Structures are given as structure tokens and as C-alpha cells.
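Residue 104 in the working numbering sits at position 10 of the sequence shown; the count goes up by one each step and never skips. Note that beta-carbon positions come from the ideal geometry of N, C-alpha and C, so glycine has one too. Computed from a predicted model, the values in this text were never measured in an experiment.
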Amino acid sequence: MTVRLTRRYGFAASHRLHSRALSDEENRRTYGKCNNPHGHGHNYEIEITVRGEVNRVTGRLVELGRLDRIAEEQILRPLRYRNLNEEVPVFRELVPTTENLAAELDRRLRSAWPEVFPEGGPVLEKLRILETERNICEINHA
95 MTVRLTRRYG FAASHRLHSR ALSDEENRRT YGKCNNPHGH GHNYEIEITV
145 RGEVNRVTGR LVELGRLDRI AEEQILRPLR YRNLNEEVPV FRELVPTTEN
195 LAAELDRRLR SAWPEVFPEG GPVLEKLRIL ETERNICEIN HA
């Protein structure tokens, strides 16, 4: 029987939505208040969903400590209390929208996954980012 488990994490970070490919006026029209030159912050919530078979001996799908470790190393520590535009290299060129943030976090998790969860471990099925109550982005590999 296939089981899914979701673990939730959080971190605070700031950003400014501003594309170098657009004029200042186009940026203001496109991003509105999120284009504030001083930036603004969010308390992001991240949900990581894994799927697989429950281990008959442990009764668990995933060792939560390992999942916590990969989340800490790949997402939380590098992004917590950071200005994404200034302190996270990928976002010096890429606009740190929720969509781009989700894609980057998914890339980070997938690149580290095989080392933390060798063959036979859980499958990373979904990454969900809640930037605000109304702005949520999901990457689903089901």
C-alpha cells in the first residue's frame, strides 16, 4: 500500500519582486507593492510530501530526522532570515517570485535526495510553498 506523508517547515525571509528585463514603470505595474525598493518579508511555510511503502519493522514511511536534515540543509539554513535578492545567488538574476522560489527549492531537494534517501527510500512527490494565506505555489511530481 502506498502512503503519503507531509512535513511542514517554516522560515522568514525578505525579497523584492523586480525584473532587470523590465523598466521601473513596468516593474511597478507588474509587481505593485511587492516592487518596493526596500523589499518586504514573509513567513514562508514549506510542505514536503513524500510517498512510498511503510516499513513493516518501523511502521514508518520515512525517517523524520533525515527529512528534517535535508530540509534544514537545503532550504531552511540557506534561506532563513535572508534577503533573497541580495544573499541567495540564484535570485540575484532570477526574480524571487513564489513560483521561482518553489522551483529552486525543488531543485535543491532533488539534487540532495539520492544521498539522503538511497534507492528504496521515499519518493519526493510534492513541494508546496505558502507565501501568504492567499499565495500558494505547488510543484507536484505524482
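Would you call residue i buried or exposed, if buried means 16 or more other Cβ atoms sit within 10 Å of its Cβ?
| i | result |
| --- | --- |
| A165 | buried |
| T238 | Since the first residue shown for the chain is 95 and the last is 236, residue 238 is missing from the structure and cannot be characterised. |
| E151 | One detail in the question is off: residue 151 reads as Val in this sequence, not Glu. When all chains shown are included, V151 counts as exposed. |
| L178 | buried |
| E203 | For clarity, residue 203 is Leu in the given sequence; the question names Glu instead. Buried, by the Cβ-count rule. |
| L199 | buried |
| E225 | buried |
| R102 | exposed |
| L221 | buried |
| D149 | What sits at residue 149 in the sequence shown is Asn, not Asp. Classification for N149: exposed. |
| L111 | buried |
| N137 | exposed |
| H134 | exposed |
Assuming residue i contacts residue j under a Cβ cut-off of 8 angstroms, what Cβ separation, rounded to an integer in Å, is found between them?
| i | j | result |
| --- | --- | --- |
| F211 | R160 | 7 angstroms |
| A107 | R174 | 7 angstroms |
| A197 | I233 | 7 angstroms |
| I223 | I140 | 6 angstroms |
| V144 | V189 | Actually they do not touch by this definition, with Cβ atoms about 29 angstroms apart. |
| L155 | L99 | 5 angstroms |
| G146 | V97 | 7 angstroms |
| E219 | H235 | 6 angstroms |
| R176 | V182 | 6 angstroms |
How far does the alpha helix (DSSP H) with residue i in it extend, from its first residue to its last?
| i | result |
| --- | --- |
| A165 | 158-165 |
| R122 | 118-125 |
Within the continuous beta strand (DSSP E) that includes residue i, where are the two ends?
| i | result |
| --- | --- |
| V144 | 134-147 |
| A107 | 96-109 |
**OP:** Ignoring anything shorter than 3 residues or poking outside the stretch 170-235, list the beta strand (DSSP E) runs there in chain order.
**Re:** 217-224, 230-234
Subject >> Stretch-stretch touch, CB-based, cutoff 8 angstroms, three pairs: the stretch 201-215 with the stretch 125-134 >> reply: no
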